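Enquirer: Following the UniProt record's numbering, the numbering of the sequence shown begins with 1 at its first residue and continues without gaps.
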Amino acid sequence: MASNRTFTMIKPDAFEAGNSGAILKMIEEAGFKIVAMKATQLTQEMAGKFYEVHKERPFYADLCKYMSSGPIIAAILEKDNAVEDFRALIGATNPANAAEGTIRKIFAKSIEANAVHGSDSDENAAIEGNFYFSQFERVI
Ligand code: GDP
């Protein structure tokens, strides 16, 4: 059964550009409820842990450097069919391929600086949410 939670980050490019509010507005208007949220900044080491599944990929070092380059917003979101619906809302990894009206199409700068993260499975949504938030920060 599909879980009703997913995890997102507003990435450093979107945060720096002042697009966090507009992105959160799109997320809420699409029916997602924010159940945990914080602004923070990853160290390169923490970014490396978060993206460990990509460590064999050629862009891994660049990605860790980029994701630790400035503040981000991390949030847990709730909605029926959250993981799949959120992936549809954000669009393809490469903004050049993202559908019109998706968050990445509107706000992403490149395939790397692509504005937002969205979990790709229920299992990863739980792992990623736990990476950022303790039980005490998830009281809703
Ligand atoms: P996602 O699930 O759509 O975020 O995409 P992936 O899990 O495949 O990749 C994780 C993140 O790595 C992406 O969101 C991008 O920030 C970055 N990324 C993916 N592919 C590339 C690439 O070919 N080059 C670079 N520089 N970054 C990439």
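All residues carry an ideal CB built from backbone N, CA and C; glycine is no exception.
Remember, it's a predicted structure, so these values are computed and weren't measured experimentally.
Quick one: any contact between the segment 84 to 95 and the segment 54 to 68, if contact means 3 or more CB pairs under 8 Å?
Expert: no
Enquirer: Is the beta carbon of E123 within less than 7 Å of some heavy atom of the ligand GDP?
Expert: no
Enquirer: At what residues does the beta strand (DSSP E) containing K33 begin and finish?
Expert: For K33, the enclosing beta strand (DSSP E) starts and ends at 33 to 40.
Enquirer: Is G118 helix, strand or coil by DSSP?
Expert: Note: G118 maps to strand in three-state DSSP.
Enquirer: In the DSSP assignment, find the beta strand (DSSP E) that holds residue 144 and state where it starts and stops.
Expert: Because the chain here runs from 1 to 140, residue 144 falls outside it and cannot be looked at.
Enquirer: What I want to know is whether the C-beta of N130 ends up closer than 7 Å to one or more non-hydrogen atoms of the ligand GDP.
Expert: No.
Enquirer: If I follow the unbroken alpha helix (DSSP H) through F50, where does it start and stop?
Expert: 44 to 50
Enquirer: So A92 and I103 are supposed to be a Cβ contact under 8 Å. How far apart are they, rounded?
Expert: Contact flag wrong, Cβ pair sits at about 11 Å.
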